[in-house]
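For reference, the structure discussed in these notes is given below.
2 protein chains.
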Amino acid sequence: MDNIQLIKGSCFELNKEIADESIDLIVTDPPYGMSFVSNIRKIKHRPIANDDNLLWLPEWFKDQFRLLKDNSHAYVFCSWHNIDVFKIQASNAGFQLKNILIWFKNNAGQGDLFGDYAPQYELILFLTKGRKLLNGKRLSNVIRCPKTGNENHPTEKPVPLIQLLIEKSSLQGDLVLDNFFGSGSCAIACSNLNRRFIGHEIDEERFNDANKRVQMILSQTKLF
Amino acid sequence: MDNIQLIKGSCFELNKEIADESIDLIVTDPPYGMSFVSNIRKIKHRPIANDDNLLWLPEWFKDQFRLLKDNSHAYVFCSWHNIDVFKIQASNAGFQLKNILIWFKNNAGQGDLFGDYAPQYELILFLTKGRKLLNGKRLSNVIRCPKTGNENHPTEKPVPLIQLLIEKSSLQGDLVLDNFFGSGSCAIACSNLNRRFIGHEIDEERFNDANKRVQMILSQTKLF
DNA sequence: ACTACGGTTGAATCCTGAA
DNA sequence: GTTCAGGATTCAACCGTAG
Chain B
48 MDNIQLIKGS
58 CFELNKEIAD
68 ESIDLIVTDP
78 PYGMSFVSNI
88 RKIKHRPIAN
98 DDNLLWLPEW
108 FKDQFRLLKD
118 NSHAYVFCSW
128 HNIDVFKIQA
138 SNAGFQLKNI
148 LIWFKNNAGQ
158 GDLFGDYAPQ
168 YELILFLTKG
178 RKLLNGKRLS
188 NVIRCPKTGN
198 ENHPTEKPVP
208 LIQLLIEKSS
218 LQGDLVLDNF
228 FGSGSCAIAC
238 SNLNRRFIGH
248 EIDEERFNDA
258 NKRVQMILSQ
268 TKLF
Chain X
48 MDNIQLIKGS
58 CFELNKEIAD
68 ESIDLIVTDP
78 PYGMSFVSNI
88 RKIKHRPIAN
98 DDNLLWLPEW
108 FKDQFRLLKD
118 NSHAYVFCSW
128 HNIDVFKIQA
138 SNAGFQLKNI
148 LIWFKNNAGQ
158 GDLFGDYAPQ
168 YELILFLTKG
178 RKLLNGKRLS
188 NVIRCPKTGN
198 ENHPTEKPVP
208 LIQLLIEKSS
218 LQGDLVLDNF
228 FGSGSCAIAC
238 SNLNRRFIGH
248 EIDEERFNDA
258 NKRVQMILSQ
268 TKLF
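Protein chains in written order, with the numbering used here: chain B, 48 to 271; chain X, 48 to 271.
Following this line, the structure appears as structure tokens:
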């Protein structure tokens, strides 16, 4: 059985195949519910699946709570636009919202150029099921990390950022779940840190890209 | 008539004396609804009035909306603990939530030392009534500013931070409202920037302290 | 190690014009 | 009138390179 499992398909279906309380850590970047299509690039990226509404969110959070072991952590990215919905639904599902972390990016986004402040952060819900201590020294809830990304994955999360979260909340050999792995940053972080990984991605093209990216890392790892 | 008016009493009552659409800008730091009593200091500070629940929030936001001129801005501090309530009630009152700013402090707070990330920011709701452009160059929605404060006012907001918000969203001579002026930072910022100010504080001791602080600034200003 | 400088980028929103 | 789709737009911060 592979330690890094990338599965193509809908997490809403595929989660049913995962046993209750079998996951040590959740790190995921779900659709924000913003119908986001970047307009900055000449070639527009494809819309993000399930990004047009958040009707799936309540059941999804409940499923995450079911899958996670007791005394474990979950990190869920979101934006301030829907922070109220994410916060309320995470609580409804049984999670304790322990903190809201700030991913403070290197450069700002666009938006209303004259009537608004420039967006330069994203939020990360830090959720707990039971009580678990964080590894290592105490960190701030404002985390500075340069953005990565490309035309195919404008919402890609930096591997170093994901690695930080994984190291704070899991040990080697632990099983990490990411229902929306997108560009595959979490899989790569898990590979780098010797965590087991199971992830889902419904978009075929994104799945293939991430698969290539991960396979390249895995093959490099084997070489040394 | 004084340009800087500090009024002792409940804003819920005293707002009734203010005419509709007579305020150019709102900058305020209401009770966060956390029943916050600091354990850090030897002399525990007195509980914050109206901090045991947020039942007053819907009507308060509606009143703020009534008082504010069209095409104007409001800045309301809050913490992530109740961001959902603040966000929803601000919208219900008619405001557009244009952004959520991050006040990124220089040093972190306490809290759960082993099971949590250290709190190092506070949130500021950036609300609009109608459309108004920001003055000056485009700023990030993450604002770095060192924390100030003392034993009497553990939640004191830095004058430079308040001045930044006031300068972005108002002109000289404009009238700024702060229903919960606490340590009086907003009054001082207004004095420094030649804005008119009207503010309320229900706690007698805090009112007196702020009054002294402001009178000292005003008397210094007159000397030169 | 430090400074200077050019190149690149951005989970967006507004406005316009067509339907 | 109203909705909707598509195009145009900021500049500050950061990075990499060179001196």
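Ideal Cβ positions, reconstructed from N, Cα and C, are used throughout, including at glycine.
C-alpha distance - residue i paired with residue j, whole-angstrom precision
i, j, result
"Leu-272 (chain B)", "Asn-118 (chain X)", "Missing from the structure shown is residue 272 (chain B); chain B here goes from 48 to 271 and no further."
"Ile-87 (chain B)", "Ala-155 (chain B)", "13 Å"
"Trp-127 (chain X)", "Lys-259 (chain B)", "38 Å"
"Phe-254 (chain X)", "Ser-230 (chain X)", "8 Å"
"Val-206 (chain X)", "Arg-242 (chain B)", "47 Å"
"Ser-232 (chain X)", "Ile-70 (chain X)", "18 Å"
"Leu-104 (chain B)", "Ile-95 (chain X)", "36 Å"
"Gly-141 (chain B)", "Asn-50 (chain X)", "51 Å"
"Arg-93 (chain X)", "Glu-198 (chain X)", "10 Å"
"Glu-64 (chain X)", "Gly-80 (chain X)", "26 Å"
"Leu-101 (chain X)", "Ile-264 (chain B)", "51 Å"
"Phe-228 (chain X)", "Gln-157 (chain X)", "25 Å"
"Val-261 (chain X)", "Ala-234 (chain X)", "7 Å"
"Asn-153 (chain X)", "Cys-192 (chain X)", "7 Å"
"Asn-188 (chain B)", "Ser-238 (chain B)", "25 Å"
"Glu-251 (chain X)", "Ile-73 (chain B)", "49 Å"
"Pro-78 (chain X)", "Asp-221 (chain X)", "25 Å"
"Ala-257 (chain X)", "Tyr-122 (chain X)", "20 Å"
"Lys-204 (chain X)", "Ile-147 (chain B)", "21 Å"
"Ile-213 (chain B)", "Ala-236 (chain B)", "8 Å"
"Asn-226 (chain X)", "Thr-75 (chain X)", "6 Å"
"Ile-190 (chain B)", "Glu-60 (chain X)", "42 Å"
"Leu-275 (chain B)", "His-120 (chain B)", "Past the edges of chain B, shown from 48 to 271, lies residue 275 (chain B), and the structure says nothing about it."
"Lys-215 (chain X)", "Gln-167 (chain B)", "18 Å"
"Asp-131 (chain B)", "Lys-145 (chain B)", "15 Å"
"Leu-240 (chain X)", "Gln-219 (chain X)", "7 Å"
"Asn-129 (chain B)", "Ser-82 (chain B)", "12 Å"
"Leu-208 (chain B)", "Asp-98 (chain X)", "36 Å"
Any non-hydrogen atom of the ligand GDP within 6 Å of residue i CB
i, result
"Gly-156 (chain X)", "What this structure holds is no ligand at all, so the ligand GDP is not there to describe."
Assigned exposure category for residue i - 16 Cβ within 10 Å defines buried
i, result
"Val-84 (chain B)", "exposed"
"Arg-185 (chain X)", "exposed"
"Gln-210 (chain B)", "buried"
"Gly-196 (chain X)", "exposed"
"Ser-217 (chain B)", "buried"
"Arg-267 (chain X)", "Per the sequence presented here, residue 267 (chain X) reads as Gln, with Arg not at that position. Exposed."
"Ile-149 (chain B)", "buried"
"Asp-67 (chain X)", "exposed"
"Lys-176 (chain B)", "buried"
"Gln-143 (chain B)", "exposed"
Beta bridge counterpart(s) of residue i as assigned by DSSP
i, result
"Val-123 (chain X)", "X:Thr-75 and X:Leu-172"
"Asn-146 (chain B)", "B:Phe-173"
"Gln-52 (chain B)", "B:Ile-245"
"Ser-187 (chain X)", "B:Ala-165"
"Asp-225 (chain B)", "B:Gly-246"
"Leu-115 (chain B)", "B:Ile-70"
Residue i, DSSP secondary structure in three states
i, result
"Asp-110 (chain B)", "helix"
"Lys-152 (chain B)", "coil"
"Ile-249 (chain X)", "coil"
"Asp-256 (chain X)", "helix"
"Ile-209 (chain B)", "helix"
"Ile-70 (chain B)", "strand"
"Asn-129 (chain B)", "helix"
"Asn-179 (chain B)", "Reading the sequence as shown, one finds Lys at residue 179 (chain B) and not Asn. Here Lys-179 (chain B) sits in coil by DSSP."
"Thr-202 (chain X)", "coil"
"Ile-65 (chain B)", "coil"
"Phe-83 (chain B)", "coil"
"Leu-240 (chain B)", "helix"
"Thr-272 (chain X)", "For residue 272 (chain X) there is no data in the structure shown, the boundaries of chain X being 48 and 271."
"Ser-216 (chain X)", "helix"
"Asn-139 (chain B)", "helix"
"Gln-262 (chain B)", "helix"
"Pro-94 (chain B)", "coil"
"Gln-267 (chain X)", "helix"
"Ser-57 (chain B)", "coil"
"Ser-230 (chain X)", "coil"
(Q) Count Cβ pairs between the segment 136 to 148 of chain B and the segment 101 to 110 of chain B that sit closer than 8 Å; are there 3 or more? (A) yes
Q.
Quick test of the definition: if touching needs 3 or more C-beta pairs under 8 Å, does the segment 157 to 164 of chain B touch the segment 178 to 187 of chain X?
A. yes
Q | Segment contact flag, the segment 49 to 58 of chain X with the segment 244 to 255 of chain X, C-beta cutoff 8 Å, min 3 pairs | A | yes
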